[in-house]
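Numbering (the UniProt record's numbering), first residue to last: 1 to 541.
See the structure below:
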């Protein structure tokens, strides 16, 4: 077709179109496309929300927002929420009375230490009574506590940001990282021989850095600009924090009947925007190891990152396996694992605020660093979220590992694994309770089909125990440490008594939180639960 024919057809189309449109007002012709775009955008947003939250949660959210528009409804809901928040904060508010809000006119000098001792005496009795929390055994005035305290005191003024000044701390960090990496497969050929990492302030920072590095690595490798990550329902809440901080879409996949990550279900969530998968060894709620080998193979097949959360298991599983416990693969010897987080301040028995993030190679870790070249203060580069870091904690971690050595960790692992099995057996012998899944390590979660487990938790709290309340299913758990080894029988005795009391006298106890936990678990609007938590935190810190 020549150009004159094309021109003729175009002129005919223009004439026909102008004739058709001439019957409408010019303003109408201007507004219709704009309204069409707005409607299309609204429909797109609606289906986007359905895609992210599901039909049920989306419709429920729209319904709750609608009824809040009814006069009086929103104020009633807000008043009821405030009652719950006040209940949660009741003890804390009374304790805050008399807290200092400005500097004293005259300092206390060295007598401030006695003042601190006085305040410390008001702390709850934690020795052997808290799930997790304190992992070092014995009395804090001697033994391993003394070693850690002296090491921290000796290096309290140091900061590894100043590489040229505090060279001892720089060496300590490098050695802590290397020794930990060796526990997790760095010496094996299958690891690739490039395992590297850094110390952080805790498991959450380690996870944040691993997620951030994976996001940026996959962007450079695949060009992914709308990143998504997939974690099991049992994955730690730190991944939700990372998703919010780094603008990543988070998919939580229900666990299988064994309370492990469901590999087949995970596969269905993978798409072109997926940057990483996550598995735990073990998971915080139930102490169960996810199928790391299968997840690693899945990540490898799709050429995406795979992070293993070993914050709890990093200083137990290597030694438990050596002691003969049947531990499935969990570290860098597994194909597909690209990063690992492991806390030294838990079963590594280091001071609080010490964790490690490890990477399979330097190409991934480089995306963790922040380098600044246009600052008038000079050239700047930092390996972790914090700039200045406490050298005292790094020194304390090094002291913990060197003072204990392999034999010390083997001895400790034997004690806590045996204690955990003894505790699990004792719980299984209580007819009203059941243990969730098959715990692989030192966390034992349990629930009940005949009692309100949160009422049992309140009874245990009244006896001085501090346990963790869980959901999906409603349950509680205890994370066994060296503090618990001598008091397993005491725990089981108190648990039996608590179950008996709740069975004979069901209903919430005065000051207990069972009604709140129970109501929160049943609330279909999870956005309202989130608002409750935010209001509680806002009034607490």
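Ideal Cβ positions, reconstructed from N, Cα and C, are used throughout, including at glycine.
Query raised in the report: Closest to residue 329 by CA distance: which of 166, 280, 135 and 442 is it?
Result: With distances taken between Cα atoms, residue 329 lies closest to 280.
**Report entry** Close-in-space but distant-in-sequence residues of the same chain around residue 392 (CB under 7 Å, 5 per side omitted)
**Finding:** Excluding residues within five positions, the ones whose Cβ falls inside 7 Å are 152, 155, 156 and 158.
Query raised in the report: Who are the Cβ neighbours of residue 169 in its own chain at under 7 Å, not counting the five residues just before and after it?
Result: Within the same chain, 155, 158, 160, 391, 394 and 395 come within 7 Å of residue 169 by CB-CB distance, once the 5 residues on both sides are set aside.
Report task. Please name the residue in 176, 297, 374 and 105 whose C-alpha comes closest to that of residue 348. Result -> Nearest to residue 348 by alpha-carbon distance, out of 176, 297, 374 and 105, is 176.
Requested in this report: Identify every residue that forms a DSSP beta bridge with residue 274.
Outcome: Per DSSP, 228.
Query raised in the report: Is the stretch 253-266 touching the stretch 230-240 in the sense that three or more CB pairs, one from each, lie closer than 8 Å?
Result: Cβ pair count under 8 Å is three or more, so yes.
Query raised in the report: Can you tell which of 310, 335 and 323 has its C-alpha closest to the C-alpha of residue 302?
Result: The residue with the shortest Cα to Cα distance from residue 302 is 335.
Report task. Compute the Euclidean distance between the alpha carbons of residue 423 and residue 434, then round it to the nearest angstrom. Result -> The alpha-carbon atoms of residue 423 and residue 434 are separated by roughly 12 Å.
**Report entry** Rounded C-alpha distance that separates residue 118 from residue 529
**Finding:** Approximately 37 Å between the Cα atoms of the pair.
Query - Residue from 18, 358, 417 and 150 whose Cα sits closest to the Cα of residue 325 - result: Out of 18, 358, 417 and 150, 417 has the C-alpha closest to the C-alpha of residue 325.
Query raised in the report: From this set, 194, 206 and 125, which residue's C-alpha is nearest residue 385's C-alpha?
Result: Nearest option by C-alpha distance: 206.
**Report entry** Start-to-end residues for the beta strand (DSSP E) that takes in residue 469
**Finding:** First-last of the beta strand (DSSP E) with residue 469: 468-470.
Report task. Find the nearest neighbour of residue 464 within the set 215, 123 and 365, judged by alpha-carbon distance. Result -> A check of alpha carbon separations from residue 464 across 215, 123 and 365 identifies 123 as the nearest.
Query raised in the report: DSSP puts residue 479 in a beta bridge; with which residues?
Result: Beta-bridge pairing links residue 479 to 443.
Query raised in the report: Tell me which same chain residues have a C-beta within less than 6 Å of the C-beta of residue 473, skipping the five on either side of it?
Result: The residues are 447.
Requested in this report: Out of 311, 367 and 351, point me to the one whose CA is closest to residue 340's CA.
Outcome: The residue from 311, 367 and 351 with its alpha-carbon nearest to that of residue 340 is 311.
Requested in this report: Would you kindly work out how many angstroms separate the C-alpha atoms of residue 498 and residue 70, rounded to a whole number?
Outcome: Rounded to the nearest angstrom, the gap between the Cα atoms of residue 498 and residue 70 is 45 Å.
Query - Whole-angstrom C-beta distance between residue 200 and residue 356, which should lie under 8 Å - result: Approximately 7 Å separates the beta-carbon atoms of residue 356 and residue 200; this is inside 8 Å, confirming the contact.
Query - Sub-7 Å separation of residue 397 and residue 333 beta-carbons - result: For residue 397 and residue 333, no; Cβs fall outside 7 Å.
Report task. Give the secondary structure of residue 380 by DSSP, where H, G and I count as helix, E and B as strand, and everything else as coil. Result -> The answer is strand: DSSP assigns residue 380 an E or B state.
Report task. Return the chain-ordered list of same chain residues with a C-beta closer than 8 Å to the C-beta of residue 139, the five sequence neighbours on each side being excluded. Result -> The answer, listed in chain order, is 127 and 145.
Report task. Tell me residue 372's beta-bridge partners as DSSP assigns them. Result -> Residue pairing of residue 372 in beta bridges, as defined by DSSP: 380.
Query raised in the report: Which whole-angstrom value describes the C-beta separation of residue 307 and residue 338, a residue pair presumed to lie in contact below a C-beta threshold of 8 Å?
Result: Between residue 338 and residue 307 the Cβ distance is about 7 Å, and since that is below 8 Å, they are a contact.
**Report entry** C-alpha gap between residue 569 and residue 493, whole angstroms
**Finding:** Nothing can be reported for residue 569: it is not among the residues displayed for the chain, which extend from 1 to 541.
**Report entry** Nearest neighbour of residue 316, chosen from 346, 293 and 300 [CA to CA]
**Finding:** For the residues 346, 293 and 300, the minimum Cα distance to residue 316 belongs to 346.
Query raised in the report: Does the Cβ of residue 277 have 16 or more other Cβ atoms within 10 Å, making it buried, or fewer, making it exposed?
Result: With 16 or more other Cβ atoms inside 10 Å of its own Cβ, residue 277 counts as buried.
Query raised in the report: Expressed to the nearest angstrom, what Euclidean distance is found between the alpha-carbon atoms of residue 358 and residue 215?
Result: Each residue's CA atom was taken as its position, placing residue 358 and residue 215 some 15 Å apart.
Query raised in the report: Which one of 292, 268, 141 and 132 has the shortest CA to CA distance from residue 483?
Result: If we check each option's Cα against that of residue 483, 132 comes out closest.
Query raised in the report: From this set, 444, 438, 481 and 505, which residue's C-alpha is nearest residue 459's C-alpha?
Result: Considering only 444, 438, 481 and 505, the residue with the shortest C-alpha distance to residue 459 is 505.
Query - Bridge partner(s) assigned by DSSP for residue 340 - result: Answer by DSSP bridge pairing, in chain order: 308 and 358.
**Report entry** C-alpha distance - residue 237 paired with residue 285, whole-angstrom precision
**Finding:** Between the C-alpha atoms of residue 237 and residue 285 there is a straight-line separation of about 11 Å.
Requested in this report: Could you name the residues of the same chain whose beta carbon sits closer than 6 Å to that of residue 243, not counting the 5 residues immediately before and after it, in chain order?
Outcome: For residue 243, where only same-chain residues beyond five positions count, the Cβ hits under 6 Å are 250.
Report task. Report the residue from 313, 365 and 327 whose alpha carbon sits nearest the alpha carbon of residue 344. Result -> When C-alpha distances from residue 344 are compared across 313, 365 and 327, the shortest belongs to 313.
Query raised in the report: Distance, Cα to Cα, residue 8 vs residue 18?
Result: If you take the alpha carbons of residue 8 and residue 18, they lie about 15 Å apart.
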